[in-house]
Amino acid sequence: MKTSHRTHPVVVITGASAGVGRAVARRFARAGAKLGLIARDEEALQEMRRDLTGAASFAYRPLDVSNAQDVFAAADAFERDLGPIDIWVNDAMVTVFSPVHEMTPEEFHRVTEVTYLGVVHGCMAALKHMRARNNGHIINIGSALAYRGIPLQSAYCGAKHAIRGFTAALRSELEHEKSGIALTMVQLPAMNTPQFNWARTHMPDEPRPMGTIYQPEAAAEAVFQATHTRPKEYWVGLSTFMTVIGNMVAPALMDKFLARTAVKGQETSVPVQPERKDNLFDPVTPLHRTHGSFGRRAKPKAFFADGQALRAAVVMAGAAVFFVLGRIIP
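The opening residue of the sequence shown carries number 37 in this note's numbering; numbering runs sequentially from there.
See the structure below:
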(Lines of atoms letter the chains of each structure in order from A; the text may use other names.)
(Lines give C-alpha, C1' and ligand atoms only; values in the text may rest on other atoms or scores of the structure.)
Protein backbone atom coordinates (compact mmCIF):
# COMPACT_ATOMS: atom_id res chain seq x y z
CA MET A 37 0.00 0.00 0.00
CA LYS A 38 1.34 3.44 -0.91
CA THR A 39 2.19 5.77 1.95
CA SER A 40 -0.10 8.46 0.49
CA HIS A 41 -3.02 6.13 1.28
CA ARG A 42 -2.31 5.89 5.02
CA THR A 43 -5.20 6.79 7.29
CA HIS A 44 -3.46 9.97 8.44
CA PRO A 45 -0.72 10.76 5.88
CA VAL A 46 1.73 13.53 6.68
CA VAL A 47 1.37 16.27 4.06
CA VAL A 48 3.72 19.26 3.82
CA ILE A 49 2.55 22.27 1.80
CA THR A 50 4.58 25.37 0.93
CA GLY A 51 2.80 28.63 0.19
CA ALA A 52 0.09 27.28 2.47
CA SER A 53 -1.34 30.49 3.92
CA ALA A 54 -3.30 31.67 0.87
CA GLY A 55 -4.75 30.79 -2.52
CA VAL A 56 -4.16 27.34 -3.94
CA GLY A 57 -1.90 26.30 -1.03
CA ARG A 58 -4.59 27.14 1.49
CA ALA A 59 -7.23 25.29 -0.53
CA VAL A 60 -4.93 22.25 -0.75
CA ALA A 61 -4.45 22.34 3.02
CA ARG A 62 -8.21 22.41 3.55
CA ARG A 63 -8.73 19.49 1.17
CA PHE A 64 -6.19 17.28 2.92
CA ALA A 65 -7.53 18.36 6.32
CA ARG A 66 -10.98 17.08 5.36
CA ALA A 67 -9.36 13.74 4.54
CA GLY A 68 -7.82 13.55 8.01
CA ALA A 69 -4.20 14.24 7.10
CA LYS A 70 -1.48 15.48 9.40
CA LEU A 71 -0.44 18.85 8.02
CA GLY A 72 2.90 20.61 8.01
CA LEU A 73 2.40 24.11 6.62
CA ILE A 74 5.04 26.52 5.34
CA ALA A 75 4.58 30.21 4.53
CA ARG A 76 6.26 33.49 5.41
CA ASP A 77 3.50 34.98 7.53
CA GLU A 78 3.25 33.43 11.02
CA GLU A 79 0.05 35.33 11.83
CA ALA A 80 -1.65 33.95 8.73
CA LEU A 81 -0.50 30.41 9.55
CA GLN A 82 -1.83 30.67 13.09
CA GLU A 83 -5.14 31.97 11.79
CA MET A 84 -5.50 28.91 9.55
CA ARG A 85 -6.28 26.63 12.50
CA ARG A 86 -10.01 27.28 12.13
CA ASP A 87 -9.80 26.39 8.41
CA LEU A 88 -8.43 22.91 9.02
CA THR A 89 -11.44 21.04 10.39
CA GLY A 90 -10.76 17.33 10.24
CA ALA A 91 -6.97 17.44 10.23
CA ALA A 92 -5.43 14.78 12.46
CA SER A 93 -2.77 17.24 13.59
CA PHE A 94 -1.26 20.53 12.48
CA ALA A 95 2.17 22.13 12.62
CA TYR A 96 3.64 25.11 10.83
CA ARG A 97 6.94 26.84 10.16
CA PRO A 98 7.03 30.52 9.14
CA LEU A 99 9.85 30.82 6.62
CA ASP A 100 10.85 31.98 3.15
CA VAL A 101 11.34 29.05 0.75
CA SER A 102 14.21 30.90 -0.92
CA ASN A 103 16.24 30.00 2.19
CA ALA A 104 17.22 26.37 1.62
CA GLN A 105 18.49 25.74 5.14
CA ASP A 106 15.20 26.91 6.64
CA VAL A 107 13.27 24.57 4.35
CA PHE A 108 15.51 21.64 5.32
CA ALA A 109 15.07 22.47 9.00
CA ALA A 110 11.28 22.57 8.55
CA ALA A 111 11.32 19.11 6.97
CA ASP A 112 13.33 17.77 9.91
CA ALA A 113 10.89 19.36 12.37
CA PHE A 114 7.81 17.96 10.64
CA GLU A 115 9.34 14.48 10.57
CA ARG A 116 9.98 14.77 14.29
CA ASP A 117 6.63 16.30 15.25
CA LEU A 118 4.20 14.68 12.78
CA GLY A 119 5.91 11.53 11.55
CA PRO A 120 7.37 10.40 8.20
CA ILE A 121 6.50 12.80 5.38
CA ASP A 122 4.30 11.06 2.82
CA ILE A 123 3.41 13.95 0.50
CA TRP A 124 5.20 17.23 -0.18
CA VAL A 125 3.40 19.94 -2.21
CA ASN A 126 5.53 22.80 -3.57
CA ASP A 127 3.19 25.75 -4.14
CA ALA A 128 4.93 28.94 -2.94
CA MET A 129 5.24 31.64 -5.59
CA VAL A 130 5.55 35.36 -6.24
CA THR A 131 5.27 37.28 -9.49
CA VAL A 132 5.58 40.74 -11.04
CA PHE A 133 3.29 42.13 -13.72
CA SER A 134 5.53 44.25 -15.90
CA PRO A 135 7.22 44.55 -19.29
CA VAL A 136 10.78 43.26 -19.10
CA HIS A 137 12.30 46.69 -19.71
CA GLU A 138 10.56 48.13 -16.63
CA MET A 139 11.68 45.39 -14.23
CA THR A 140 14.81 45.42 -12.13
CA PRO A 141 17.34 42.59 -11.87
CA GLU A 142 16.44 42.36 -8.17
CA GLU A 143 12.79 41.69 -9.06
CA PHE A 144 13.73 38.96 -11.54
CA HIS A 145 16.02 37.41 -8.97
CA ARG A 146 13.34 37.45 -6.29
CA VAL A 147 10.68 35.79 -8.47
CA THR A 148 13.20 33.15 -9.53
CA GLU A 149 14.48 32.34 -6.04
CA VAL A 150 10.97 31.93 -4.62
CA THR A 151 8.97 30.46 -7.50
CA TYR A 152 11.68 28.23 -8.98
CA LEU A 153 14.39 27.69 -6.36
CA GLY A 154 11.74 27.34 -3.67
CA VAL A 155 10.53 24.25 -5.52
CA VAL A 156 14.09 22.94 -5.81
CA HIS A 157 14.64 23.45 -2.09
CA GLY A 158 11.34 21.73 -1.27
CA CYS A 159 12.17 18.75 -3.46
CA MET A 160 15.62 18.39 -1.92
CA ALA A 161 14.21 18.57 1.61
CA ALA A 162 11.54 15.98 0.82
CA LEU A 163 14.01 13.66 -0.91
CA LYS A 164 16.33 13.70 2.08
CA HIS A 165 13.66 11.86 4.06
CA MET A 166 11.75 10.00 1.33
CA ARG A 167 14.83 8.38 -0.22
CA ALA A 168 15.69 6.73 3.09
CA ARG A 169 12.30 4.98 2.96
CA ASN A 170 12.15 4.66 -0.85
CA ASN A 171 8.60 5.99 -0.78
CA GLY A 172 6.67 9.24 -0.88
CA HIS A 173 5.10 11.64 -3.34
CA ILE A 174 6.29 15.12 -4.37
CA ILE A 175 3.85 17.40 -6.20
CA ASN A 176 5.12 20.55 -7.90
CA ILE A 177 2.48 23.14 -8.72
CA GLY A 178 2.96 24.36 -12.25
CA SER A 179 0.94 26.32 -14.75
CA ALA A 180 -0.10 26.37 -18.37
CA LEU A 181 2.57 29.10 -18.46
CA ALA A 182 5.18 26.38 -17.90
CA TYR A 183 4.57 25.62 -21.58
CA ARG A 184 3.68 29.03 -22.97
CA GLY A 185 5.15 32.39 -21.96
CA ILE A 186 2.89 35.44 -22.01
CA PRO A 187 3.51 39.20 -21.90
CA LEU A 188 3.89 40.96 -18.53
CA GLN A 189 4.89 37.79 -16.64
CA SER A 190 8.34 37.00 -18.00
CA ALA A 191 9.92 36.20 -14.62
CA TYR A 192 7.03 33.96 -13.54
CA CYS A 193 6.85 32.17 -16.90
CA GLY A 194 10.60 31.63 -16.84
CA ALA A 195 10.36 30.15 -13.34
CA LYS A 196 7.52 27.80 -14.28
CA HIS A 197 9.40 26.66 -17.41
CA ALA A 198 12.40 26.00 -15.16
CA ILE A 199 10.27 23.94 -12.76
CA ARG A 200 9.07 21.78 -15.65
CA GLY A 201 12.63 21.13 -16.80
CA PHE A 202 13.84 20.44 -13.27
CA THR A 203 10.90 18.09 -12.59
CA ALA A 204 11.61 16.12 -15.78
CA ALA A 205 15.30 15.80 -14.87
CA LEU A 206 14.53 14.69 -11.32
CA ARG A 207 11.92 12.21 -12.54
CA SER A 208 14.43 10.58 -14.89
CA GLU A 209 16.88 10.22 -12.00
CA LEU A 210 14.22 8.58 -9.84
CA GLU A 211 13.28 6.23 -12.65
CA HIS A 212 16.95 5.36 -13.16
CA GLU A 213 17.12 4.40 -9.48
CA LYS A 214 13.83 2.47 -9.78
CA SER A 215 12.69 4.63 -6.89
CA GLY A 216 9.37 4.21 -5.14
CA ILE A 217 9.04 8.02 -4.90
CA ALA A 218 6.37 9.51 -7.18
CA LEU A 219 6.82 12.94 -8.77
CA THR A 220 3.91 14.88 -10.26
CA MET A 221 3.59 18.33 -11.80
CA VAL A 222 0.10 19.84 -11.75
CA GLN A 223 -0.34 22.45 -14.50
CA LEU A 224 -2.95 25.02 -13.51
CA PRO A 225 -5.09 27.50 -15.46
CA ALA A 226 -5.95 31.02 -14.26
CA MET A 227 -7.00 30.82 -10.61
CA ASN A 228 -9.06 33.20 -8.49
CA THR A 229 -6.41 33.67 -5.81
CA PRO A 230 -5.21 36.77 -3.93
CA GLN A 231 -2.04 36.97 -6.06
CA PHE A 232 -3.70 39.54 -8.31
CA ASN A 233 -4.43 41.72 -5.27
CA TRP A 234 -0.91 41.63 -3.88
CA ALA A 235 1.49 40.85 -6.73
CA ARG A 236 3.87 43.67 -7.61
CA THR A 237 2.85 45.50 -10.77
CA HIS A 238 4.38 48.25 -12.89
CA MET A 239 1.21 48.60 -14.95
CA PRO A 240 -1.18 51.55 -14.60
CA ASP A 241 -4.21 49.37 -13.80
CA GLU A 242 -4.73 46.49 -11.36
CA PRO A 243 -3.86 43.02 -12.72
CA ARG A 244 -6.36 40.25 -13.38
CA PRO A 245 -6.27 36.60 -14.49
CA MET A 246 -6.59 36.02 -18.21
CA GLY A 247 -8.95 33.51 -19.82
CA THR A 248 -11.18 31.04 -18.01
CA ILE A 249 -10.84 31.43 -14.24
CA TYR A 250 -11.25 28.65 -11.68
CA GLN A 251 -11.59 28.66 -7.93
CA PRO A 252 -8.61 27.36 -5.90
CA GLU A 253 -10.68 24.39 -4.73
CA ALA A 254 -10.61 23.03 -8.29
CA ALA A 255 -6.81 22.93 -8.14
CA ALA A 256 -6.89 21.44 -4.65
CA GLU A 257 -9.07 18.57 -5.82
CA ALA A 258 -6.67 17.81 -8.67
CA VAL A 259 -3.74 17.77 -6.23
CA PHE A 260 -5.63 15.51 -3.83
CA GLN A 261 -6.59 13.06 -6.59
CA ALA A 262 -3.01 13.03 -7.87
CA THR A 263 -1.91 11.46 -4.59
CA HIS A 264 -4.10 8.46 -5.42
CA THR A 265 -3.37 8.07 -9.14
CA ARG A 266 0.26 9.34 -8.99
CA PRO A 267 0.43 10.66 -12.59
CA LYS A 268 3.54 12.30 -13.97
CA GLU A 269 1.52 15.35 -14.91
CA TYR A 270 -2.03 16.65 -14.55
CA TRP A 271 -3.51 19.33 -16.80
CA VAL A 272 -6.26 21.22 -14.98
CA GLY A 273 -8.96 23.01 -16.94
CA LEU A 274 -9.77 23.05 -20.63
CA SER A 275 -7.85 26.31 -21.00
CA THR A 276 -4.63 24.58 -19.88
CA PHE A 277 -5.20 21.84 -22.46
CA MET A 278 -5.82 24.42 -25.21
CA THR A 279 -2.76 26.45 -24.21
CA VAL A 280 -0.37 23.51 -24.15
CA ILE A 281 -1.65 21.90 -27.34
CA GLY A 282 -2.00 25.24 -29.11
CA ASN A 283 1.62 26.04 -28.37
CA MET A 284 2.68 22.59 -29.60
CA VAL A 285 0.80 22.92 -32.87
CA ALA A 286 1.08 26.62 -33.73
CA PRO A 287 3.56 28.55 -31.55
CA ALA A 288 3.93 31.42 -34.01
CA LEU A 289 0.15 31.88 -34.09
CA MET A 290 0.13 31.89 -30.28
CA ASP A 291 2.81 34.61 -30.34
CA LYS A 292 0.61 36.84 -32.47
CA PHE A 293 -2.56 36.10 -30.53
CA LEU A 294 -0.95 36.85 -27.17
CA ALA A 295 0.77 39.96 -28.48
CA ARG A 296 -2.64 41.26 -29.53
CA THR A 297 -4.69 40.24 -26.48
CA ALA A 298 -2.60 39.40 -23.42
CA VAL A 299 -1.49 42.85 -22.27
CA LYS A 300 -4.92 44.44 -21.90
CA GLY A 301 -6.29 41.00 -21.09
CA GLN A 302 -4.32 41.04 -17.82
CA GLU A 303 -5.44 44.49 -16.70
CA THR A 304 -8.65 45.63 -15.09
CA SER A 305 -10.04 49.14 -15.47
CA VAL A 306 -9.14 49.96 -11.84
CA PRO A 307 -6.10 52.25 -11.50
CA VAL A 308 -3.27 51.11 -9.23
CA GLN A 309 -3.21 53.27 -6.10
CA PRO A 310 0.08 54.80 -4.87
CA GLU A 311 -0.31 53.22 -1.41
CA ARG A 312 -0.80 49.71 -2.81
CA LYS A 313 1.33 47.09 -1.02
CA ASP A 314 2.79 43.99 -2.67
CA ASN A 315 4.16 40.70 -1.35
CA LEU A 316 7.30 40.36 -3.45
CA PHE A 317 9.67 40.71 -0.50
CA ASP A 318 7.31 40.71 2.49
CA PRO A 319 3.88 39.18 3.13
CA VAL A 320 0.74 41.30 3.12
CA THR A 321 -1.01 39.91 6.17
CA PRO A 322 -4.50 41.46 5.75
CA LEU A 323 -4.89 39.86 2.32
CA HIS A 324 -4.17 36.27 3.33
CA ARG A 325 -7.18 34.28 2.18
CA THR A 326 -8.12 31.54 -0.26
CA HIS A 327 -10.06 33.48 -2.88
CA GLY A 328 -9.25 36.60 -4.85
CA SER A 329 -11.49 39.29 -6.32
CA PHE A 330 -12.82 37.44 -9.36
CA GLY A 331 -15.27 35.01 -7.78
CA ARG A 332 -18.18 35.99 -10.00
CA ARG A 333 -16.30 34.77 -13.07
CA ALA A 334 -14.59 31.77 -11.45
CA LYS A 335 -15.73 28.21 -12.01
CA PRO A 336 -15.87 26.01 -8.89
CA LYS A 337 -14.78 22.81 -10.63
CA ALA A 338 -12.36 21.95 -13.41
CA PHE A 339 -11.70 19.07 -15.75
CA PHE A 340 -8.30 17.50 -15.07
CA ALA A 341 -6.55 14.58 -16.70
CA ASP A 342 -3.18 12.94 -17.25
CA GLY A 343 -1.17 15.32 -19.42
CA GLN A 344 0.92 12.59 -21.02
CA ALA A 345 -2.20 10.70 -22.05
CA LEU A 346 -3.78 13.84 -23.50
CA ARG A 347 -0.62 14.70 -25.41
CA ALA A 348 -0.39 11.17 -26.80
CA ALA A 349 -4.05 11.29 -27.86
CA VAL A 350 -3.49 14.54 -29.77
CA VAL A 351 -0.38 13.15 -31.50
CA MET A 352 -2.23 9.97 -32.47
CA ALA A 353 -5.20 11.96 -33.75
CA GLY A 354 -2.89 14.13 -35.82
CA ALA A 355 -1.12 11.08 -37.22
CA ALA A 356 -4.47 9.54 -38.13
CA VAL A 357 -5.51 12.69 -39.99
CA PHE A 358 -2.27 12.74 -41.98
CA PHE A 359 -2.67 9.04 -42.77
CA VAL A 360 -6.21 9.53 -44.06
CA LEU A 361 -5.24 12.58 -46.08
CA GLY A 362 -2.32 10.65 -47.56
CA ARG A 363 -4.69 7.93 -48.72
CA ILE A 364 -7.33 10.19 -50.25
CA ILE A 365 -5.12 12.94 -51.77
CA PRO A 366 -3.16 11.77 -54.81
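The C-beta atom is built at its ideal place from N, Cα and C for all residues, glycine as well.
The segment 295 to 303 makes no contact with the segment 209 to 229; the number of CB pairs closer than 8 angstroms stays below 3. With fewer than three CB-CB distances shorter than 8 angstroms, the segment 181 to 189 does not count as touching the segment 153 to 172. Setting aside the 5 residues that flank it on each side, A113 is surrounded in the same chain by R97, each with a C-beta closer than 7 angstroms to its C-beta; the list follows chain order. DSSP places I174 in no alpha helix (DSSP H) but in the uninterrupted beta strand (DSSP E) bounded by 172 to 179. Put simply, the segment 326 to 339 touches the segment 238 to 252. At least three CB pairs are less than 8 angstroms apart.
Between V272 and A286, the gap from beta carbon to beta carbon reaches 9 angstroms or more. With fewer than 16 other beta carbons inside 10 angstroms of its own, A345 counts as exposed. Counting along the chain, I186 sits inside no beta strand (DSSP E), nor does DSSP assign it H or E at all. Put simply, of M284, A128, K196, A198 the residue whose alpha carbon is nearest the alpha carbon of V56 is A128. By the Cβ neighbour-count rule, F260 is buried, with 16 or more other Cβ atoms within 10 Å of its own. A check of alpha carbon separations from D87 across V60, F108, R76 identifies V60 as the nearest. Comparing C-alpha distances from I175 to each of A295, C159, Y192 shows the shortest one belongs to C159. Fewer than three beta-carbon pairs drawn from the segment 233 to 241 and the segment 263 to 279 are found closer than 8 angstroms, and the two stretches are therefore not classed as touching. Taking the Cα positions, A69 is about 6 angstroms away from A92. It is roughly 9 angstroms from the alpha-carbon of A161 to the alpha-carbon of Q105. Annotation: the continuous alpha helix (DSSP H) that includes G158 extends over 153 to 169.
Pairing V107 with L99 gives a Cβ-Cβ distance under 9 angstroms. With respect to V46, V125 sits apart: the two C-beta atoms are not nearer than 9 angstroms. For the pair R58 and A52, the CB atoms are nearer than the 9 angstroms cut-off.
Following the DSSP letters along the chain, one finds D117 inside the alpha helix (DSSP H) bounded by residues 104 to 117. Look at G68 here: in three-state DSSP terms it is coil, with no helix or strand label. Comparing alpha-carbon positions, the option among L163, S190, R116 lying closest to P135 turns out to be S190.
Counting the other Cβ atoms within 10 Å of the Cβ of R76 gives 16 or more, which makes it buried. A distance below 6 angstroms between beta-carbons, with the five flanking residues on each side excluded, links T203 to the following residues of its chain, in chain order: N176, M221. With fewer than 16 other Cβ atoms from the protein chains shown falling within 10 Å of its own Cβ, E79 counts as exposed.
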